[in-house]
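Line order of the protein sequences matches chains A and B.
Counting in our numbering, the first sequence runs from 225 upward without gaps.
Counting in our numbering, the second sequence runs from 225 upward without gaps.
Built from N, CA and C at the ideal position, the CB exists for glycine as well.
To start, the structure under review is shown below, and the notes come after it.
2 protein chains.
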Amino acid sequence: MNQKIDNLAKILIEKNIKPSYQRIKILEYLLNKKNHPTVDKIFSDLVKEIPTLSKATVYNTLDLFKEANLTRIVTIENNETRYDAKVSSHGHFKCESCGSIFDFEINIDSFLTDSLEHFKINGKNVYINGICPGCLQKD
Amino acid sequence: MNQKIDNLAKILIEKNIKPSYQRIKILEYLLNKKNHPTVDKIFSDLVKEIPTLSKATVYNTLDLFKEANLTRIVTIENNETRYDAKVSSHGHFKCESCGSIFDFEINIDSFLTDSLEHFKINGKNVYINGICPGCLQKD
DNA sequence: TTTTAAATTTATAATGATTATAAGATAGTT
DNA sequence: AACTATCTTATAATCATTATAAATTTAAAA
Numbered sequence: 225m226n227q228k229i230d231n232l233a234k235i236l237i238e239k240n241i242k243p244s245y246q247r248i249k250i251l252e253y254l255l256n257k258k259n260h261p262t263v264d265k266i267f268s269d270l271v272k273e274i275p276t277l278s279k280a281t282v283y284n285t286l287d288l289f290k291e292a293n294l295t296r297i298v299t300i301e302n303n304e305t306r307y308d309a310k311v312s313s314h315g316h317f318k319c320e321s322c323g324s325i326f327d328f329e330i331n332i333d334s335f336l337t338d339s340l341e342h343f344k345i346n347g348k349n350v351y352i353n354g355i356c357p358g359c360l361q362k363d
Numbered sequence: 225m226n227q228k229i230d231n232l233a234k235i236l237i238e239k240n241i242k243p244s245y246q247r248i249k250i251l252e253y254l255l256n257k258k259n260h261p262t263v264d265k266i267f268s269d270l271v272k273e274i275p276t277l278s279k280a281t282v283y284n285t286l287d288l289f290k291e292a293n294l295t296r297i298v299t300i301e302n303n304e305t306r307y308d309a310k311v312s313s314h315g316h317f318k319c320e321s322c323g324s325i326f327d328f329e330i331n332i333d334s335f336l337t338d339s340l341e342h343f344k345i346n347g348k349n350v351y352i353n354g355i356c357p358g359c360l361q362k363d
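Okay, here's the thing in structure tokens:
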């Protein structure tokens, strides 16, 4: 009946995660909005569609997704955790003036040196802060 | 009389920060221990020497240092902010098994692409997670 | 279809890092 | 010494996250 839902469910089942309604909706949200949402943003957006949604469910689900490698935590700020649907490797730029977060392409392996050759690498985060072009122009 | 204290004081004065006893001690701590301490670690270590020390002072001072570019925030975990005395650019590796944090050399500019050419860059963070050699051997 | 058990979701309370506020202490200046 | 601004401290407030237990849903069995 609903092809999209089925595809999302399949993704979850492949990871041994039961495809509950909430989980499908949260996964859909993450795959659609690629703007590193906070838990709060995810919750307040989805609660419009799922009025009974609880913030604990969002936390639980994101934790599940993280374990299953469907989602990664974006390490940008220390006060609010942000999440990304696992996609191609990219870095994050945060503007200190307007607070916007920009993605940028990155050759994720180019900066790895021999010093890590005996380490098992599971994830890479590149985070740059500064002023974005828009805010630079304002000054 | 105390050459070391004088040097630390000078660093602060150059940044227009009044060299109070607490500030000098916190700066000294950061420069000596380069293990990305949390606020809690800094406080509990220093309170032995300065019994009247308040955690609020540690927060205030680190904030001052950050503004003055003496210190940078290490973006590793989201639940506990860690601080580094500003030194040569390096990345951080966190072992998911034992929790240790390793520094590693990086060619900080090699991974910057054209996509950021119109951005003003103030800081760069590279954070990698995985398993360290010691924990790999245990398995 | 009902029953039952397991898993999931929800509401609520607890925790813990950080921030805000105001009172007290300190240092520099006239 | 008195005055003033700054710094430090203690305390309370905030806010994201985690823990807990009850309620609901799901899936399987009878």
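Just so you know, the alpha carbons of residue 288 of chain B and residue 234 of chain B end up roughly 16 angstroms apart. DSSP lists B:306 as the bridge partner or partners of residue 298 of chain B. Residue environment analysis places residue 249 of chain B among the buried positions, since at least 16 neighbouring C-beta atoms fall within 10 angstroms of its C-beta. The stretch 249-265 of chain A and the stretch 306-321 of chain A touch, with no fewer than 3 CB-CB distances between them shorter than 8 angstroms.
Between residue 260 of chain B and chain A, the shortest Cβ-Cβ separation is not below 8 angstroms.
Contact annotation for residue 317 of chain A against chain B: 340, 343 [CB-CB distance below 7 angstroms, chain order]. Uninterrupted alpha helix (DSSP H) stretches at least 4 residues long and entirely within the stretch 231-296 of chain A occur at 245-256, 263-270, 279-291, given in chain order. Chain B has a Cβ within less than 8 angstroms of the Cβ of residue 328 of chain A. The C-beta of residue 350 of chain B comes closer than 8 angstroms to at least one C-beta of chain A. Judged by DSSP in its simplified three-state form, residue 327 of chain A adopts strand. Per DSSP, the unbroken alpha helix (DSSP H) holding residue 359 of chain B starts and ends at 357-362. Contact with chain B is found for residue 353 of chain A, since one of that chain's Cβ atoms lies less than 8 angstroms from the residue's Cβ.
With respect to residue 286 of chain B, residue 299 of chain B sits apart: the two C-beta atoms are not nearer than 8 angstroms.
Taking C-beta atoms under 8 angstroms as the contact rule, residue 245 of chain B and residue 263 of chain B fail to qualify, at a distance of about 19 angstroms. By the criterion of a C-beta distance shorter than 7 angstroms, residue 328 of chain A is surrounded in its chain by 314, 315, 317, once the five residues flanking it on both sides are discounted. Rounded to whole angstroms, residue 260 of chain B and residue 230 of chain A show a C-alpha spacing of 46 angstroms. Under the DSSP assignment, residue 314 of chain A falls in the beta strand (DSSP E) whose first and last residues are 314-319.
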